[in-house]
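Just so it is clear: in the sequence shown, position 204 is 203 by numbering that gives the first Met the number 0, and no numbers are missing.
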Amino acid sequence: MLRRRVQGARPHPVITGSSGDIVIKVLLVDDQALVRTGFKMILNAQPDMTVVGEAGDGAEGVRLGLRLRPDVALMDVHMPGLDGVAATERLAAEVPEVRVLGLSTFDLDEYVVGMLRAGASGFLPKDITPEELVQGVRTVHSGESAVAPRLLTRLIGTYVRASPPYRGEAPPELGVLTDRERDVLVLIARGQSNGEIAERLGVAPSTVKNHVTNLFAKIGARDRAQAVITAYETGLVSARA
0 MLRRRVQGAR PHPVITGSSG DIVIKVLLVD DQALVRTGFK MILNAQPDMT VVGEAGDGAE
60 GVRLGLRLRP DVALMDVHMP GLDGVAATER LAAEVPEVRV LGLSTFDLDE YVVGMLRAGA
120 SGFLPKDITP EELVQGVRTV HSGESAVAPR LLTRLIGTYV RASPPYRGEA PPELGVLTDR
180 ERDVLVLIAR GQSNGEIAER LGVAPSTVKN HVTNLFAKIG ARDRAQAVIT AYETGLVSAR
240 A
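Okay, here's the thing in structure tokens:
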């Protein structure tokens, strides 16, 4: 199951640009130096981003994550020694405030699920455009999930086919949720935004935001991606739901 956030984690030191705006600190973790160089050039060209460190393997990535406390870590899946999944688990447990964005040349479902289960806030294939990379970093930094549309569509389809039918009773893992929180989780799993959920349920967006915050805390989800996985794995959402 998903890891719960560690309470009382030490906050990030904040970097601001010349205009006073917050600058997103990024850690690059990839065993290919050429890939890191390319990503570094793209990200450092953004006025709201700076690359604060680079690591060539997962173990070094964890050490730098603990020392540098970046806002976002770009994490390759396949690396010698400690791979991206294991490194993400370590970061999620020891520095939960770091948002991990998984990257891989291969977009196989098991890699995507493995990273998201480990605590990553998103997953993108390495053939994305520079604009998509930048947007992905900004998205996970804002607290949302960033999963490439083609991966998310296929991933949800896989879960829908594999999920048992939901029979109207809360799965044991979700027994801590209120009826309204389960309703909100179902709608999140169906891809609806907070605004769309508010309109659907006839409540204020602020009310939905409170429900989302509470249900994430109860099921140990860092973000919407992990909440969606929980909804499908428990059978709360299925092809018959």
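Positions of the beta carbon are idealized from the N, C-alpha and C atoms, including for glycine.
On a Cα-Cα basis, can you pick out the residue from the options that is closest to residue i?
i, options, result
"Gly-83", "Gly-142, Val-133 and Val-61", "Val-61"
"Val-34", "Val-207, Val-183, Val-22 and Met-78", "Met-78"
"Leu-214", "Leu-123, Ile-21 and Leu-176", "Leu-176"
"Val-211", "Gly-234, Asp-182, Glu-88 and Thr-87", "Asp-182"
"Leu-27", "Glu-59, Arg-189 and Gly-118", "Glu-59"
"Thr-36", "Leu-63, Asp-20, Val-22 and Leu-73", "Leu-73"
"Ala-85", "Arg-66, Asp-56, Glu-143 and Gln-45", "Asp-56"
"Arg-137", "Met-48, Ala-188 and Ile-187", "Met-48"
"Leu-42", "Val-25, Asp-29, Leu-81 and Leu-200", "Val-25"
"Leu-123", "Glu-109, Ser-141, Arg-116 and Thr-104", "Thr-104"
"Ser-144", "Asp-30, Ile-228 and Ile-21", "Ile-228"
"Leu-81", "Asp-29, Asn-193 and Val-22", "Asp-29"
"Gly-121", "Gln-45, Val-111 and Ile-23", "Val-111"
"Ser-141", "Glu-96, Ala-117 and Glu-180", "Glu-96"
"Val-236", "Ile-196, Ala-188 and Val-51", "Ala-188"
"Asp-209", "Gln-45, Leu-184 and Ala-119", "The question names Asp, yet the displayed sequence has Asn at residue 209. Closest option to Asn-209, Cα to Cα, is Leu-184."
"Gly-190", "Asp-20, Val-146 and Ala-203", "Val-146"
"Val-207", "Ser-192, Asp-20 and Gly-64", "Ser-192"
"Ala-44", "Ala-32, Leu-63, Gln-31 and Ile-23", "Ile-23"
Between which two residues does the alpha helix (DSSP H) holding residue i run?
i, result
"Gly-57", "57 to 67"
"Gly-37", "32 to 43"
"Thr-87", "83 to 93"
"Ala-119", "No alpha helix (DSSP H) contains Ala-119, which DSSP labels as neither H nor E."
"Leu-186", "178 to 188"
What does the Cβ neighbour count give for residue i, buried or exposed, with the cut at 16 atoms within 10 Å?
i, result
"Pro-69", "buried"
"Gln-225", "buried"
"Glu-53", "buried"
"Arg-93", "In the sequence as presented, Arg is not what sits at residue 93; that position holds Glu. That one is exposed."
"Asp-222", "buried"
"Val-76", "buried"
"Arg-89", "buried"
"Ala-220", "buried"
"Glu-198", "exposed"
"Met-114", "buried"
"Thr-233", "buried"
"Arg-116", "buried"
"Thr-87", "buried"
"Glu-180", "buried"
What are the start and end residues of the beta strand (DSSP E) that includes residue i?
i, result
"Leu-26", "21 to 28"
"Ser-103", "98 to 103"
"Glu-53", "48 to 54"
"Val-139", "Not the beta strand (DSSP E): Val-139 falls in the alpha helix (DSSP H), residues 129 to 140."
"Leu-73", "71 to 75"
Quick one: any contact between the stretch 84 to 100 and the stretch 129 to 149, if contact means 3 or more CB pairs under 8 Å? Enough Cβ pairs lie closer than 8 Å, so yes.
Ordered list of alpha helix (DSSP H) runs contained in the stretch 190 to 234, each at least 4 residues: List check, alpha helix (DSSP H) in window: 193 to 200, 204 to 218 and 223 to 232.
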